[in-house]
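Trainee: Each residue of the sequence shown is one higher than the one before, counting from 35 in our numbering. All C-beta atoms, glycine included, are put in the ideal place defined by N, C-alpha and C. Just so we're clear, the structure is a prediction, and the values are computed from it rather than from any experiment. Handing you this structure, nothing more for now.
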Amino acid sequence: MTEPQILSASARPAGEILWVHATSIERFLALCDIGQRLKAMRPDLVVLATWEAEMGEVPAFEGCNFMLGPLPDDQTSEAKAFLNHWQPDLCLWAGGHLRRGLLRQMREQGGSALLVDILDSEMPARKLRWLPDQRHRIFSGFDAVFTPSKSVQTQLLRSGQMVPEQVLLTSRLRLSTVPPGCDHGALSALQQDLGSRPVWLAARAQLEELPGLLEAHRSALRLLHRMLLVIALDAPEYRVRARSLIQASGLQCADWDAGEELNDYTQILITDSTHLGLWYRLAPVTLLASSLVQDMPGQNPLDTLALGSVVLHGPGMGHHKAIYDQLAPLKATQQVNTTRELAKMVIHLSAPDMAAKRALAGWTAVTEGAEMTDHLIDKVQDILDLREDQDATS
């Protein structure tokens, strides 16, 4: 990825500009998602994205109009030229690596800023103890701080530069989700057809993952002989080859998209990934496939968790690793590295009480992240509305 040149972009667009700056891939995705939601509410809003150079390549995301690249170091001519060129109305800064000079310049231009998701380990250190502590000046330019750290909240309030209404204790900043819908008539019909049969789902499965999935399912069937595996293929063109592999394995297969009937002898149901909202609601356990090989891209688990299905995944996580790192300690997700581990977890989670406990943990994590996102969006809206009113009366 070639480093974008901030000043070679087009002239500053008219109207409101939101600048988002991220210090990790997860924060970048979350901020761009927030930008996308805000643009749905404010169609003329322009979103600029910058990030830290050590993050390397970042994924493209529709929420940002301009992917401007790594932010220059503080007090450089490039940094000053960036603000002079774009003159953003509001900055959302996620994490540490705070640029005191850049933030001060933005404040002098009349822009607003919010600091989100800063952790105790990211707080700026005092450089020389025999000099006055100037760290509080960095934070005085923020309209508000959203932090998941009680220690950060205490430090900022103790400084006397911010009042309690400005320092908000929240959950971590995460990419939020709007879960996919489904045909509730089809859901009811399938629930009736399946009755008490245990079900697990492999979502967005690749052809090269099928042998491992079939082996894991065969192992599970030794203990749970009525269990059904739903394989949602990542691409429709995989269907013929997938059916051939399943038939060669000796397992009984039906094609849901072709209208084939599900019966008591069906062991595997194949479909495409168009109706995942339906299958997430139906299956208590979901393997998020495209992950069983290390270099596979993986999938974002939030849609699945929001709909109450427990998430299993392989070692391939791609840009989603940070999300999994946060969710794993909550027991909301579980990594499986071998076919044997996959079969073991499917059997373990087939017990309704085990699946329900983990599903609740996942749902709680997702809803907490959604509440933080909604609160932040409301704050951004309030600031931009106030600026708009002030401009109208000036």
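Rounded to a whole number of angstroms, what is the C-alpha to C-alpha distance between TRP53 and LEU267?
Mentor: Straight-line measurement puts the Cα of LEU267 at about 38 Å from the Cα of TRP53.
Trainee: Return the first residue and the last residue of the alpha helix (DSSP H) that LEU303 is part of.
Mentor: Looking at the DSSP string, LEU303 is not in any alpha helix (DSSP H); the run it does join, the beta strand (DSSP E), is 302-306.
Trainee: Looking at the structure shown, is VAL327 part of a helix, part of a strand, or coil, going by DSSP?
Mentor: coil
Trainee: Check ARG206 in the structure and name its three-state DSSP category.
Mentor: Correct three-state label for ARG206: coil.
Trainee: Leaving out five residues on either side along the sequence, give the residues of the same chain with a beta carbon under 7 Å from the beta carbon of LYS365.
Mentor: ARG392 and ALA395
Trainee: Let me know if THR427 comes out buried or exposed under the rule of 16 or more other beta-carbons within 10 Å of its beta-carbon.
Mentor: exposed
Trainee: So what's LEU316 in DSSP terms, helix, strand or just coil?
Mentor: helix
Trainee: Measure the beta-carbon distance from LEU137 to ALA147 and round it to whole angstroms, keeping in mind my assumption that it falls under 8 Å.
Mentor: 6 Å
Trainee: What does DSSP give as the partner residues of GLY103 in its beta bridges?
Mentor: THR84
Trainee: Can you give me the C-alpha to C-alpha distance between SER230 and LEU248, rounded to a whole angstrom?
Mentor: SER230 and LEU248 have their C-alpha atoms spaced approximately 22 Å apart.
Trainee: Are the Cβ atoms of ASP291 and ILE304 separated by less than 9 Å?
Mentor: Yes. Within cutoff.
Trainee: Would MET330 and GLN200 be called neighbours here (beta carbons separated by less than 9 Å)?
Mentor: no
Trainee: CB-CB under 7 Å to GLY69, same chain, minus the five flanking residues each way: which ones, in chain order?
Mentor: LEU52, VAL54, VAL81, GLY97 and CYS98
Trainee: At 3 residues or longer, and completely inside the segment 174-202: list those beta strand (DSSP E) runs for me, N to C.
Mentor: 178-181
Trainee: Per DSSP, GLN368 forms a beta bridge with which residues?
Mentor: LEU346
Trainee: Would you identify the three-state DSSP class for ARG238, choosing helix, strand or coil?
Mentor: Here ARG238 carries a strand assignment [DSSP, helix/strand/coil].
Trainee: If I measure Cβ to Cβ from LEU203 and keep anything under 6 Å in the same chain, skipping five residues before and after, which residues do I get?
Mentor: Cβ within range, chain order: GLN187.
Trainee: Comparing C-alpha positions only, which one of LEU257, CYS216 and ILE280 sits nearest to GLU243?
Mentor: Here the closest residue by C-alpha is ILE280.
Trainee: Could you check what DSSP says for PRO166 in three-state terms: helix, strand or coil?
Mentor: Confidence at PRO166 is low in this model, with a pLDDT of 44, below 50, so the placement of that residue should be treated as unreliable; the coordinate-derived value is given next. Reduced to three states, the DSSP call for PRO166 is coil.
Trainee: With H, G and I counted as helix, E and B as strand and the rest as coil, what does DSSP make of VAL400?
Mentor: helix
Trainee: What separation, rounded to the nearest whole angstrom, lies between the Cα atoms of GLU142 and ASP151?
Mentor: 24 Å
Trainee: With the cut-off set at 9 Å, would you say HIS14 and LEU263 are in Cβ contact?
Mentor: Residue 14 lies beyond the range of the chain shown here (35 to 428); nothing can be said about it.
Trainee: Please report the distance separating the alpha-carbon of HIS218 from that of ALA317.
Mentor: Here the C-alpha atom of HIS218 lies approximately 14 Å from the C-alpha atom of ALA317.
Trainee: Beta-carbon within less than 6 Å of LEU346's beta-carbon, same chain only, minus the 5 sequence neighbours each way: which residues are those?
Mentor: LEU321, GLN368, VAL370 and MET379
Trainee: So, are the CB atoms of HIS353 and PRO93 less than 9 Å apart?
Mentor: yes
Trainee: Which one of THR407, ASP306 and SER324 has the shortest CA to CA distance from GLY293?
Mentor: ASP306
Trainee: Cα-Cα, which of SER205, ILE265, PRO245 and PRO214 is closest to VAL233?
Mentor: ILE265
Trainee: Tell whether a beta-carbon distance below 9 Å holds between ALA377 and LEU310.
Mentor: no
Trainee: For ALA254 versus SER384, is the C-beta spacing smaller than 9 Å?
Mentor: yes
Trainee: Pick out whichever of ASN297, ALA178, LEU190 and PRO245 has its Cα sitting closest to the Cα of ALA223.
Mentor: ASN297
Trainee: With distance defined between alpha-carbon atoms, name the residue in GLY135, VAL400, TYR299 and ALA323 nearest to PRO245.
Mentor: ALA323
Trainee: If we count the other Cβ atoms within 10 Å of its Cβ and call it buried at 16 or more, is SER111 buried or exposed?
Mentor: exposed
Trainee: Tell me which residues share the same chain as ARG134 and place their Cβ nearer than 6 Å to its Cβ, disregarding the 5 neighbours each side in the sequence.
Mentor: For ARG134, where only same-chain residues beyond five positions count, the Cβ hits under 6 Å are ILE172.
Trainee: Alpha carbon to alpha carbon, how far is ALA83 from PRO198?
Mentor: 29 Å
Trainee: Assign HIS218 to one of three DSSP states: helix, strand, or coil.
Mentor: helix
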